[in-house]
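**Student:** Per this note's numbering, residue 7 is the first one in the sequence shown, and the count goes up by one each step.
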Amino acid sequence: MILRGWRYFLKVAETGNLTRAAAQLHMTQPALSRHLKQLEEEMGVELLMRHGRGVRLTEAGALFVEQARDILARADTLADILHAREVRPSGQLAIGMPLSWSSLITTPLIVAYRKKYPSVTLRLLEGTTDSLRQGLKRREIQAAVVTMVERDPEVELRHLVSDGAYFIGPPDSTVVKDGQLDLKALIGQPLVLLSHTTNVRRELERVLAQARLSTDMVLEVNTLSLLNFVEQGVGCSVLPACAVAGFNRGRHLKVSLIDGFRSDWALASLRGHPGTAALKAFEDMMNDIIADLIERGDWPSARIAGGA
């Protein structure tokens, strides 16, 4: 099969040495050299240049590596795509999930999915909307839960849920009270915030700028460990309500919903790429878990499209 020769070439490009590549591929060096020669003849260009310490890519070889990786990534999921929605989920599923969903949704979802579909090998990538979109476009993942902050012609979005944001304070906070707060409550408060690459941070800065309000950020953190600092009195924070609902169990934080501050979450996938049976099952199970959390009152700020 022609793609086998491509995989051999990528291994050589990765190692930069025919002997090491042959050993890792469990084949002889002469056999590997024949495959490479055949590939260069098929392409009609020289892809590798030999030197005393190994091989290096020509300009054409570097371009071939870039394109071959993309094509092989598609080929790896082809068998599952052909059986999509028609067979029991199997194979591999690479999925991206937001950091703020980790405790409330991602953990129970993965556990339940593994129990129901043990033949599916899962790969989970957690990150911000920006990083997950990039992973999707690099085809490192097949789908990702992202905020609907911008439209992209390459990406198809299927709305999942709308959520609010909480202003969070330490146990002795006198600013954070029950009910909803206006953003003016943030004025003069030391803030511990997530990185500016998160949607909630960007939306917060946009709304504050629009209202001509300023705040005092004292610490920037790229994980939800920031709740530890809030609990210890370093400052207050603003997070998606789903993050607080999942991580506030067993803590003694004070939280108030911010009036008029909402985010829409969607499942993103590349246009023109049929979803696999494994992905369809994952999406269905995720929707069921979201609906159940809302119905039980465990995610009180969340709203499903068309819901109350």
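Note that beta-carbon positions come from the ideal geometry of N, C-alpha and C, so glycine has one too.
Computed from a prediction, not measured in an experiment: that's the story for all the values here.
Consult DSSP for L45 and reduce its assignment to one of helix, strand or coil.
**Tutor:** Sequence index remark: in the sequence shown, residue 45 carries index 39 (1-based). Three-state DSSP puts L45 in a helix.
**Student:** Could you check which residue in E226, I111, S307 has the C-alpha nearest to that of N293?
**Tutor:** Stepping through the sequence shown from its first residue, residue 293 is reached at position 287. Ranking E226, I111, S307 by Cα distance to N293 puts I111 first.
**Student:** For A215, which of E226, I310, I193 has the nearest alpha-carbon?
**Tutor:** Taking the sequence shown and counting its residues from 1, the one referred to as residue 215 is at position 209. Selected option, being the one with the closest Cα: I193.
**Student:** Between the beta-carbon of V117 and the beta-carbon of A284, is there less than 8 Å?
**Tutor:** Counting from 1 along the sequence shown, the entry for residue 117 is found at position 111. Counting from 1 along the sequence shown, the entry for residue 284 is found at position 278. It is not a contact, given that the beta carbons lie outside the stated cut-off.
**Student:** Please name the residue in E211, V167, P196 whose C-alpha comes closest to that of G175.
**Tutor:** By 1-based counting over the sequence shown, the position of residue 175 is 169. Out of E211, V167, P196, P196 has the C-alpha closest to the C-alpha of G175.
**Student:** With burial defined as no fewer than 16 other Cβ atoms inside 10 Å of the residue's Cβ, what is the status of P177: buried or exposed?
**Tutor:** Start at 1 with the first residue of the sequence shown, and residue 177 comes out as number 171. By the neighbour-count rule (16 or more Cβ atoms within 10 Å), P177 is not buried but exposed.
**Student:** Residues in the same chain with beta-carbon distance under 8 Å from I147, minus the five sequence neighbours each way, listed in chain order, please.
**Tutor:** Position 141 of the sequence shown, counted from the first residue, corresponds to residue 147. Result list for I147: A100, I101, G102, R129, L131, L138, G141, in chain order.
**Student:** Three-state secondary structure (DSSP) at P196?
**Tutor:** Position 190 of the sequence shown holds residue 196. Reduced to three states, the DSSP call for P196 is strand.
**Student:** Output the residue ranges of the beta strand (DSSP E) runs that lie fully inside the stretch 235-267 and measure 3 residues or longer, sorted by chain position.
**Tutor:** As far as the stretch 235-267 is concerned, its whole beta strand (DSSP E) runs of at least 3 residues are 243-246.
**Student:** Quick check on DSSP: helix, strand or coil for R4?
**Tutor:** Because the chain spans 7 through 314 in this model, residue 4 falls outside it and cannot be assessed.
**Student:** To the nearest angstrom, how far is the alpha carbon of R218 from that of L199?
**Tutor:** Numbered from 1 along the sequence shown, position 212 holds the residue referred to as residue 218. Numbered from 1 along the sequence shown, position 193 holds the residue referred to as residue 199. Each residue's Cα considered, the two are about 19 Å apart.
**Student:** Spatial neighbours of S220 within its chain, please: CB distance less than 8 Å, with the 5 preceding and 5 following residues excluded, ordered by chain position.
**Tutor:** Along the sequence shown, read from residue 1 onward, the residue named residue 220 stands at position 214. Closer than 8 Å at the Cβ level, and outside the excluded window around S220, lie I193, L214.
**Student:** Figure out for me which residue from S231, R302, L24 has the closest Cα to the Cα of P58.
**Tutor:** The count along the sequence shown starts at 1 and reaches residue 58 at position 52. According to the sequence displayed, residue 58 carries Gly and not Pro. Among S231, R302, L24, the Cα nearest to that of G58 is on L24.
**Student:** Do N205 and T153 have their CB atoms nearer than 8 Å?
**Tutor:** Within the sequence shown, numbered from 1, the residue matching residue 205 stands at position 199. Within the sequence shown, numbered from 1, the residue matching residue 153 stands at position 147. For N205 and T153, yes; Cβs fall inside 8 Å.
**Student:** Just how far apart, CA to CA, sit M55 and G241?
**Tutor:** Numbered from 1 along the sequence shown, position 49 holds the residue referred to as residue 55. Numbered from 1 along the sequence shown, position 235 holds the residue referred to as residue 241. Their backbone Cα atoms lie some 58 Å apart in a straight line.
**Student:** When you compare the CB positions of P246 and D169, do they come within less than 8 Å of one another, or not?
**Tutor:** Here residue 246 refers to the residue found at position 240 of the sequence shown. Here residue 169 refers to the residue found at position 163 of the sequence shown. Going by C-beta atoms, P246 is nearer than 8 Å to D169.
**Student:** Does the distance from the CB of V161 to the CB of P104 come in under 8 Å?
**Tutor:** On the sequence shown, position 155 is the one that residue 161 refers to. On the sequence shown, position 98 is the one that residue 104 refers to. In this structure, P104 does not lie closer than 8 Å to V161 by Cβ.
**Student:** Helix, strand or coil, according to DSSP, for L99 in the structure here?
**Tutor:** In the sequence shown, residue 99 corresponds to position 93, counting from 1. Note: L99 maps to strand in three-state DSSP.
**Student:** Sorted by chain position, which residues of the same chain lie with C-beta nearer than 7 Å to F304's C-beta, five sequence neighbours on each side aside?
**Tutor:** As a working mapping, residue 304 is identified with position 298 in the sequence shown. Just to set this straight, residue 304 is Asp in the shown sequence, not Phe. Excluding residues within five positions, the ones whose Cβ falls inside 7 Å are A251.
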